[in-house]
Amino acid sequence: MPARGAFVVLEGLDRCGKTTQLSLLRSSLSSSSPPTPVKALNFPDRTTPIGTMINSYLKTAADMSDNAIHLLFSSNRWEAAPALLETLREGTTVVCDRYAFSGVAFTAAKNNGTCGYDWCKGPDVGLPRPDLVLFLTVSESVQEKRGDYGGERYETRELQRSVRGVFDRLRADDEGERPWKVVDADRSVEEVARDIEEAVREVEERVRGENPPIAKL
Ligand code: 2DT
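In the working numbering, the protein residues as written are 11 to 227.
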């Protein structure tokens with residue numbers, strides 16, 4: 011049995027460069043010598059029937075209660091969980107754009123927190139826990155320089171500000187539990203990519219060496 015792969019999640023606010031960084035990370039891992047088997051995932055996965063409902067909600071074509079959409083985001087992770095576990099167990103490293111932390115941060119931030127923080131955490135309890143969460147921070151001024159927000163729900167300055175607050179709380183609550191690495195994403199793409207690659211190689215090596223069981227949220 012090969013050692014399992016590492017599970018790495020990238021989180022952050024809009025315009026922090028997560029998607030660019032994920033694609034750079036994936037290519038650098040798969041082109042290293044020897045190549046690291048790697049699979050990229052992203053949430054929400056808009057390609058499934060649940061993902062289609064989420065997409066309509068985000069594009070404001072459909073309305074839903076805050077609780078209902080929160081549970082759909084979580085279901086979208088649960089439907090992907092068996093394949094994710096299998097991929098890790100067969101020795102492939104998984105790098106993932108957003109996960110349960112975005113789930114809590116966005117729902118708990120909106121409408122003055124009508125869905126409470128603890129309620130928001132509930133549905134994801136039991137999902138595979140990442141070996142590393144890379145949290146890309148971006149200042150408001152850089153966020154604004156990187157372009158206007160698009161037309162999707164959640165892409166407003168006010169909401170982004172509250173989301174930032176919930177992410178800080180999640181990180182503080184996890185202190186010592188799950189390794190979070192904060193990466194200053196105000197810097198150049200290359201500088202950020204270097205830090206990310208270094209952190210991922212370190213966790214990869216540890217997971218391959220120790221082959222720890224996959225923990226749960
Ligand atoms: P992208 O722009 O990355 O496609 O995200 N979101 C995401 C939630 O509200 N809950 C979740 O569980 C997840 C994974 C963040 C689309 C938006 O969906 C939000 C931004």
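Think of the CB as a built atom: it goes at the ideal place given N, C-alpha and C, for glycine as much as any other residue.
DSSP links GLU21 through a beta bridge to PHE145. Three or more beta-carbon pairs drawn from the stretch 103-115 and the stretch 46-56 are found closer than 8 Å, and the two stretches are therefore classed as touching.
Nearest to GLY15 by alpha-carbon distance, out of GLU200, ASN86, LEU142, is LEU142. In the displayed model, CYS130 falls within a helix according to three-state DSSP. Closest in alpha carbon position to ASP24, among ASN221, LEU146, VAL192, ARG216, is LEU146. If you check the CB distance, TYR164 and PHE111 do not come in under 8 Å. Of the residues assessed, GLY113 falls on the buried side of the cut-off, its CB having 16 or more other CB atoms within 10 angstroms. Distance from the C-beta of ARG139 to the nearest heavy atom of ligand 1 is not below 7 Å.
The Cβ-Cβ distance between LEU20 and LEU144 falls below 8 Å. Under the criterion of beta carbons closer than 8 Å, ASP76 and THR124 qualify as touching, at roughly 6 Å.
Taken from the Cβ of GLY157, every heavy atom of ligand 1 lies 7 Å or farther away.
DSSP, read as helix, strand or coil, puts LYS69 in coil. Judged by pairs of C-beta atoms under 8 Å, the stretch 53-70 touches the stretch 82-89, as three or more such pairs exist. The closest CA to that of ALA71, considering only SER149, THR30, GLU162, is found on GLU162. A straight-line Cα-Cα distance of about 10 Å links LEU95 and LEU137. Closer than 7 Å to some heavy atom of ligand 1: that does not describe the Cβ of LEU98. As the crow flies, the alpha-carbon of SER149 is around 37 Å from that of ASN221.
Per DSSP, ASP194 is one residue of the beta strand (DSSP E) stretching across 190-194. Relative to ligand 1, PRO59 has its C-beta separated by 7 Å or more from all heavy atoms. Relative to the non-hydrogen atoms of ligand 1, the Cβ of SER85 never comes closer than 7 Å to any of them. Secondary structure in the stretch 23-101: the beta strand (DSSP E) runs of 3 residues or longer, each lying completely within the stretch, are 48-52 in chain order. Contact between the stretch 190-199 and the stretch 26-35 is present, with at least three C-beta pairs closer than 8 Å.
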